[in-house]
Every structure is written in C-alpha cells, then in structure tokens.
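Worksheet for the structure shown next.
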Amino acid sequence: MLRCGISRRSFIKFSGAMAAALALPASYGTRIAAAVESAPRLPLIWLRGQACGGDSQAFLLAADPTIGEILVDLLSVDYFDTLMASSGDAAAPSPTTIPGTAPAGYIAVIEGSIPTGADGTYCLVGGRAFVDVAREVCGGALATIAVGSCAFDGGLAAASGGMTASVGADSVAPAGTLINLPGCPMNVDNLTATVVHYLTFGTLPPADGRGRPLFAYGGLIHNQCERRAHFEFGEFVLAWGDEAAQKGWCLYKMGCKGPEAFANCPTVGYASGTSWPVQAGHGCIGCTMPRFWDAMGPAYARLPPPLPFAPNVTADQVGHAAIASVAAVTVVHGAASWVRGRGTRDAEHPVAIASPGVVTARPDTERSTPVSAADDTDAAPTGPEAMPMGRDVDDAIPPPSLEAPTPEGPALEGPSATEPVPEPEPEPDVGSEAPTPADTPDGSGDPG
Ligand code: SF4
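Our numbering applies: residue 592 is where the sequence shown begins, and numbers increase by one.
What follows is the structure, given as structure tokens:
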C-alpha cells in the first residue's frame, strides 16, 4: 500500500497510464512506479491571480480517485488559497516563509493571468501586488507549472480590450524552469504526468517553442478526433441539433478549431476520460493556442481562409504547397550547383573523357595557367583524370610480375649463389692401399 492507501494493483495501473500519457514505452511504467514510490513529497505552492478558478476546479474534480489521490500523495500542498482552511494574514503568501518551509525545494503553480498595469494593483494578495508575489515564489521554485490559458499568455485578461496589461507566467518565472499547460481549463491528467515526469527523471518534460510539453501538445486535435472519418467523407453538421449533429458528424462547418489546435484532448479527455468538448457535441475553440481569444474567434465560425482570394484553400494545403515549393527550389539549386561544379572542374583539369575508359587531353597550350609538376601532384585527381593522357585506362594498370619474388633478409655467409661451387676432395680408398706395379722395385707389383 502506498502512503495514501492506494492498492499496489491500482498504483501499477497508474504508473502504466503515466508512461502512456508521457508517450514513453510501457517498460517505463516500472521505473515510474519505483521513482514515484520512493520520492519525497514535493511541496507545492499554488498561486491564483486573475482567474475564474476553473483550473482549481479541474484539480479538485479529477474523477479518477487514483489520479487524484496519487497527485495529492505526491505533493505536499503547502499553499493553495482556494483549498486552505486558514484565512487573513495566516493565508497570505510570504516570500520569506513559503520558500523557507521547503528547504529542499518546491514546485510553484501559477493559475490565472498576472496584471502588471497600475503597478500590479489590479490583483492584490495579502495587500501585495500579485506580480511581486508570483515573481518571488517562482524565482525560488525548482520548477513552475503554468496551468490554464490565462497563466499561459494572459488569456482573456490580455485579449484585445483588456485593461490590466496582463501577462503570463513566462514574465515572472526564470528561464528554463517553466512548463505551460494551457487550456480552458487545463487537463489535470497533464498536470499529473508533468509532476510524475519531474519526479522520475528530475527534469521537466520536453516542450515546444511555447513551453508546452510535447507529450500533451505535440499532436493536432483534428488528427486524433473520433469524428475525423466524417470530415474525410464530407459529412458535416450544418445546424445545431440537426440530424447530422445527432449522428455525431464533423463540426468543422460549425466553427470547430480542431484543425488549427494542438492538444491531447481527444485521447485523454476530461474528467478522467469521461468526455471532451467535441465528443459532447461542441466544436473545439482552440483554447490551447496562443492568444486564442483573439486568434481563434469567433467560436462558431470558420477562421478566415489563409488566402482571401481562394476561400476553399485550407491552411494545410498552403503549408503543403509551401513545402513542395521549397523542395523544388532545393532540387533545382542542387542540379545547378552540380552542373556549375562540373564546368569548373573541366576548366581546371585539361582532361576530357572521349569514350568510356579512354582518356584524352587537350594540349598543354590550352591550359589557362601553367601548372607545375608539384601542383599536378598535389592536385592529382583520383578519377579517370589520374590516368596518363591519351592512354586507355586499362593500359595504366601494370601487368602482374611473373618473376618469383627475391627472398628478403640478411645475406647468408659463405659463397654466394653466383660463385662456382668447388669440387670436393676425393676420399682416400682403403682398398687401394696395396702397391701398384709401378710402386714395386721390379715393376711387377709383387712386394716380395
Ligand atoms: Fe476536426 Fe473538429 Fe471535425 Fe473533429 S469535429 S474532425 S476536430 S473539424
């Protein structure tokens, strides 16, 4: 049993789900389980600025008790003004007391936008400008998690007509310590997965250029939507409540921004996967995208076409055409460079290939500049130009030697192989010791 009383079976299931949510191989479930089980409870300081409270609500309404309980078990929620029982001065976040209670470090969560107009007095917490409190708390945090679209880039308060000069958490959190979980509201499963990633690997998850984790914001909603087949077949809802709507057809013509928005809403869902807006029959409003109140509106109409003179051309088609154009230009440029390179090489090396395998040369008088022998050696080409001029390529290959290789090594002592070998001395014959007739006094050969 874990600290919060969750069974091991549920915990293993949770770890596997987190591995899947983080787009990790299933084998990482074991590693996640070990890391989460042994990790100390990380203090959490949750600050709420200009916000409706939807992200606090999402945090509280994690329908799956496993995820909700484990998130609370992983974190020591030391400050959360929506949840804490204390009030008044006791509930005021203090830049000296909050970090001081967590000497080993803490995680900061920012909910809502941060007004900077009028010296930050549009939003005061405990009598202090929220922007100052947020800057101090985020400045001392191990990591800051901005939850919701308002904390992402100012959200509704920063939309056109906004009066409070609101900004997102990236204006107060040190570079490299911030992860953004935009959405209206954020998805608590993504918050849990982010915390689990930090506990397991000691780092925030990889993110895109706007600080949104790729595991959650790396895919287009349109590509994950369960109504996508109807889009491909041209089956669209044309009026709220019509027969097509009842059949669950595509909401594109009702202003759905799924083709322009990145998030994992279709695969994760809200309320522990119970549903999500498109499943419930409402088009995506693109709330995970930057400046979505201005950039993604109006909610119930298509965005203006990227090419006003071609209203039926989509942004995808414009992108594909741009990619194709760049590819074509690259190919043409490469071919031109190759042709130019060939021309330059022919001019520098007075060699031309007349026929396959036969190399001829222009007379030296055609050389534009004299080339010394040393230069020729240094710049000797390695291709057919390396062959002697005017000869067939095969001629340049020396025929194999038929002579036996001479032995190598120190010269042997004694007569050389070229000197005549002396005749050996004849051995004395024992049987010929008897005197010959010439040796006897009478010449008879008889010694007597
Ligand atoms: Fe795409 Fe929206 Fe249609 Fe789903 S409902 S397929 S996200 S346009």
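We treat Cβ as the ideally placed atom computed from N, Cα and C, and that holds for glycine.
Separation of P868 from L829, as counted between CA atoms: In the sequence shown, the residue the question calls residue 829 occupies position 238. In the sequence shown, the residue the question calls residue 868 occupies position 277. Going by the C-alpha atoms only, they are around 17 Å apart.
Can you check which of these residues, G679, I698, E826, is closest to R632 by C-alpha distance? Residue mapping note: residue 632 aligns to position 41 of the sequence shown, counting from 1. A check of alpha carbon separations from R632 across G679, I698, E826 identifies I698 as the nearest.
So is H788 buried or exposed if we call it buried at 16+ other beta carbons inside 10 Å? Translated into positions along the sequence shown, residue 788 becomes position 197. That one is buried.
With a 10 Å radius around its C-beta and 16 neighbouring C-beta atoms as the bar for buried, classify S678 as buried or exposed. Within the sequence shown, numbered from 1, the residue matching residue 678 stands at position 87. The residue is exposed, with fewer than 16 neighbouring Cβ atoms inside 10 Å.
Alpha carbon to alpha carbon, how far is H924 from A749? Give it in angstroms, no decimals. Against the sequence shown, residue 749 aligns to sequence position 158. Against the sequence shown, residue 924 aligns to sequence position 333. If I take the Cα positions, the gap works out to 45 Å.
Less than 8 Å separating the Cβ of R719 from some heavy atom of ligand 1? As a working note, residue 719 is residue 128 in the sequence shown. The answer is no for R719.
Find the nearest neighbour of L666 within the set G696, Q648, C643, G874, judged by alpha-carbon distance. For the purposes of this step, residue 666 is taken as residue 75 along the sequence shown, with counting starting at 1. For L666, the nearest C-alpha among the options comes from G696.
Residue closest to R1089, alpha-carbon to alpha-carbon, out of W929, P850, V922: This structure does not reach residue 1089, given that the chain is present from 592 up to 1039, and the question cannot be answered.
Label D680 either buried or exposed according to how many other C-beta atoms from any shown protein chain fall within 10 Å of its C-beta, with 16 as the threshold for buried. Here residue 680 refers to the residue found at position 89 of the sequence shown. A residue is called buried once 16 or more other Cβ atoms fall within 10 Å of its Cβ, and D680, having fewer, is exposed.
Considering just the uninterrupted stretch of the beta strand (DSSP E) at T735, what are its terminal residues? Numbered from its first residue, the sequence shown carries residue 735 at position 144. DSSP places T735 in the uninterrupted beta strand (DSSP E) bounded by 734–738.
Measuring only the C-alpha atoms, how far is G703 from L613? In the sequence shown, counting from the first residue as 1, residue 703 sits at position 112. In the sequence shown, counting from the first residue as 1, residue 613 sits at position 22. Distance between G703 and L613, taken at the CA atoms: about 25 Å.
Name the residue from I623, R600, S618, S598 whose alpha carbon lies nearest to the alpha carbon of S606. Stepping through the sequence shown from its first residue, residue 606 is reached at position 15. The residue with the shortest Cα to Cα distance from S606 is I623.
Once the 5 residues before and after N771 are set aside, which same chain residues still bring their CB inside 7 Å of it? Residue numbering aside, residue 771 sits at position 180 when the sequence shown is read from its first letter. Excluding sequence positions up to five before and after N771, its CB lies within less than 7 Å of the CB of A737, F743, R801, G802, R803, all in the same chain and listed in chain order.
Counting along the chain, where does the beta strand (DSSP E) carrying A862 start and finish? Counted from its first residue, the sequence shown places residue 862 at position 271. A862 -> no beta strand (DSSP E), and no H or E assigned at all.
For the pair the region 871–881 and the region 828–848, tell me if three or more CB-CB distances fall below 8 Å. As far as the Cβ criterion goes, the region 871–881 touches the region 828–848, which means the pair count is three or higher.
Return the chain-ordered list of same chain residues with a C-beta closer than 7 Å to the C-beta of M675, the five sequence neighbours on each side being excluded. To locate residue 675, count along the sequence shown from 1; it is residue 84. Cβ within range, chain order: A682.
For R818, count neighbouring C-beta atoms within 10 Å of its own C-beta (all shown protein chains included) and say buried if the count is 16 or more, exposed if not. Position 227 of the sequence shown, counting from 1, holds the residue named residue 818. So R818 ends up on the buried side.
Would you list the residues sitting across from A798 in a DSSP beta bridge? Here residue 798 corresponds to residue number 207 of the sequence shown, with the count starting at 1. Answer is P804.
Close beta carbons around A890, own chain, < 7 Å, minus the five adjacent residues each side: Taking the first residue of the sequence shown as position 1, residue 890 is located at position 299. In its chain, beyond the 5 residues on either side, G846, I876 have a beta carbon closer than 7 Å to the beta carbon of A890.
By a C-beta neighbour count over all protein chains shown, 10 Å radius and 16 as the cutoff for buried, is S866 buried or exposed? Indexing the sequence shown from 1 puts residue 866 at position 275. Burial call: exposed.
Cβ separation of A649 and V786, assumed to be a contact under 8 Å, to the nearest whole Å: Counted from its first residue, the sequence shown places residue 649 at position 58. Counted from its first residue, the sequence shown places residue 786 at position 195. At roughly 14 Å, the Cβ-Cβ gap does not stay under 8 Å, so A649 and V786 are not in contact.
Could you tell me the alpha carbon to alpha carbon distance between G774 and S928, rounded to whole angstroms? On the sequence shown, residue 774 is found 183 positions in, with the first residue counted as 1. On the sequence shown, residue 928 is found 337 positions in, with the first residue counted as 1. Taking the straight line joining both Cα atoms gives about 48 Å.
In chain order, what residues of the same chain have a beta carbon less than 7 Å from the beta carbon of V763, not counting five sequence neighbours either side? Within the sequence shown, residue 763 is the residue found at index 172, counting from 1. For V763, where only same-chain residues beyond five positions count, the Cβ hits under 7 Å are I705, V722, A725, R726, C729.
Whole angstroms are fine: how far does the CA of I701 sit from the CA of V716? By one-based count along the sequence shown, residue 716 stands at place 125. By one-based count along the sequence shown, residue 701 stands at place 110. Straight-line Cα distance between these residues: approximately 13 Å.
Give a single yes or no on whether L842 has its beta carbon closer than 8 Å to a heavy atom of ligand 1. If you number the sequence shown from 1, residue 842 lands on position 251. L842: yes, Cβ under 8 Å from ligand 1.
Under a Cβ-count criterion, where at least 16 other Cβ atoms within 10 Å of its own Cβ denotes burial, should N814 be classed as buried or exposed? Stepping through the sequence shown from its first residue, residue 814 is reached at position 223. With fewer than 16 other Cβ atoms within 10 Å, it is exposed.
Tell me the rounded alpha-carbon separation between G872 and G825. Sequence index remark: in the sequence shown, residue 872 carries index 281 (1-based). Sequence index remark: in the sequence shown, residue 825 carries index 234 (1-based). Roughly 17 Å separates the two Cα atoms.
Where does S992 sit, in a helix, a strand or coil, going by DSSP? Along the sequence shown, one-based indexing puts residue 992 at 401. Reliability fails at S992, whose pLDDT of 44 lies under 50, so the model's placement of it is uncertain and the value that follows must be treated cautiously. Here S992 sits in coil by DSSP.
Are there 16 or more other CB atoms within 10 angstroms of the CB of D710, so buried, or fewer, so exposed? Counted from its first residue, the sequence shown places residue 710 at position 119. That one is exposed.
Near M609, which residues of its chain fall below 6 Å by C-beta distance, leaving aside the five closest residues on each side in sequence? Taking the sequence shown and counting its residues from 1, one reaches residue 609 at position 18. So the list reads I623, A784, V787, once near-sequence residues are dropped.
Looking at C-alpha atoms only, which residue of W637, A626, G718, G864 is the closest neighbour of D793? On the sequence shown, position 202 is the one that residue 793 refers to. Residue identity check: residue 793 is Gly in the sequence provided, not Asp. Nearest C-alpha to G793: A626.
Between G731 and G745, which are expected to be in contact by the criterion C-beta below 8 Å, what is the C-beta distance as a whole number of angstroms? The residue labelled residue 731 in the question sits at position 140 within the sequence shown. The residue labelled residue 745 in the question sits at position 154 within the sequence shown. With a beta-carbon spacing of about 23 Å, G731 and G745 fall beyond the 8 Å limit used to define contacts.
With a threshold of 16 other CB atoms inside 10 Å of the CB of S629, please say whether the residue is buried or exposed. As a working note, residue 629 is residue 38 in the sequence shown. Here S629 is exposed, its C-beta having fewer than 16 other C-beta atoms within 10 Å.
How far does the beta strand (DSSP E) with V668 in it reach, from first residue to last? Translated into positions along the sequence shown, residue 668 becomes position 77. V668: member of the beta strand (DSSP E) spanning 666–671, first to last residue.
Can you tell me which of W884, A836, H821, D833 puts its alpha carbon nearest to the alpha carbon of A852? Within the sequence shown, the letter at position 261 stands for residue 852. Considering only alpha carbons, the answer is W884.
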